[in-house]
Amino acid sequence: KKKLKISGRELLSVPTQVFGLEQLQVLEMSPERESCLRYRMELLPQEIGRLRNLTCLYVDSNNLKKIPAEIGTLSRLERLTLSNNSLSSLPAEMGALQRLQSLHLANNSLTELPAPLCQLRSLTFLDVSDNKIDTIPSSIRHLEKLETLLLLFNSLENLPEDVCLLRNLHTLWLGNNHLRSLPAAFGELVNLDWGYNYCSCNFEGNPLESPPPDVCSRGPEGIRDYFSSLHRI
């Protein structure tokens, strides 16, 4: 793959020459994890739309406040990392990224799950942990291929029943929200792995009452039994 990594102690902008590299497939503008650097790029230029062959774009750990609408023209994009920025919204045009499989948005300033994300039918991995999200739209049911959904450290008070239609989910982390209850069909997510050593479904840090934490720890079957018993009462 044709790959370019741009690095510097205080990266503020994308060098304009980059946008002439139209065959570029991987563009990386994130600091090395071990370097403890935080780049300061606030704006991804509109010219990013010229890089039509990009399959991977890494711009996490910057100071991005806005993503341009032109990102929607990157029709070959499969992986996009935007974690550790200052994003409070995403452009509607992102919904056009129909090949996108992996999207990283942790540690931003999102207050809701942006509607365009629910149009990304190829998505298998979505991380929106550590935001301020308080609602999940019912349109999340369209993400039928989703296998990993990370919602830790948000402000969720409830989950829509539609989450229970995501039958390919293997990992669902819900820790440190404000959830008091789970949808009645939650036990239908039978592919979640409640293994003893690795719990793929995480509820810690929620004031859960229905079902209570000890029921949740039993996995999908225990949750199904709990809600079935409520219906029989």
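Residue numbers for the sequence shown, in the working numbering: 253 to 485.
Where a beta carbon is used, it is the ideal one built from N, C-alpha and C, also for glycine.
Query                                                                                                                                                                                       : Result
Report yes if the CB atom of L378 is closer than 9 Å to the CB atom of N410, and no otherwise.                                                                                              : no
Please go through the same chain and pick out, in chain order, the residues whose beta-carbon is closer than 6 Å to the beta-carbon of N449, but skip the five residues on each side of it. : In this prediction, N449 scores a pLDDT of 46, lower than 50, which makes its location untrustworthy; no coordinate-derived value is stated.
DSSP puts C453 in a beta bridge; with which residues?                                                                                                                                       : L424
For the alpha helix (DSSP H) that contains C468, what are its first and last residues?                                                                                                      : 465-468
Taking 9 Å as the cut-off, decide whether the C-beta atoms of V415 and L441 are in contact.                                                                                                 : yes
State buried or exposed for T268, treating a residue as buried only when at least 16 other CB atoms are found within 10 Å of its CB.                                                        : exposed
Checking contacts by CB at 9 Å: is I392 closer than that to chain D?                                                                                                                        : Absent from the structure is chain D; it holds one protein chain and no more.
Use the C-beta contact count for S265: other C-beta atoms within 10 angstroms, 16 or more gives buried, fewer gives exposed.                                                                : exposed
Just confirm the distance between the C-beta atoms of L355 and L309, as a whole number of angstroms; I'd bet it's less than 8 Å.                                                            : With a Cβ gap of about 11 Å, L355 and L309 do not count as contacting.
Among M346, N337, N336, which residue has its Cα nearest to the Cα of E330?                                                                                                                 : M346
Can you grab the Cα-Cα spacing for the pair L375 / N383, in whole Å?                                                                                                                        : 20 Å
Given this structure, state the Cα-to-Cα distance separating P283 from L332, to the nearest angstrom.                                                                                       : 15 Å
The beta strand (DSSP E) with C308 in it runs from where to where?                                                                                                                          : 308-310
Could you tell me the alpha carbon to alpha carbon distance between E286 and I392, rounded to whole angstroms?                                                                              : Unreliable placement is indicated for E286, whose pLDDT of 49 sits below 50; the coordinate value is still reported in the next sentence. When rounded, the distance between both Cα atoms is 34 Å.
Report the option in V270, G457, E396 whose CA atom is closest to the CA atom of Q371.                                                                                                      : E396
Return the residue from the list S433, N443, F271 that minimises the CA-CA distance to G424.                                                                                                : Correcting the residue type first, residue 424 is Leu in the shown sequence and not Gly. Minimum Cα distance to L424 is reached at N443.
Determine, using beta carbons only, whether I388 and L362 come nearer to each other than 9 Å.                                                                                               : no
Determine the direct distance from the alpha carbon of I385 to that of N406, and round the result to whole angstroms.                                                                       : 5 Å
Put E286 into one of helix, strand or coil per three-state DSSP.                                                                                                                            : Unreliable positioning characterises E286 in this predicted model, as indicated by a pLDDT of 49, which lies under 50. A coordinate reading is not provided.
Enumerate in chain order the residues of its own chain whose CB-to-CB distance from R476 is below 6 Å, with the five nearest sequence positions on each side excluded.                      : G439
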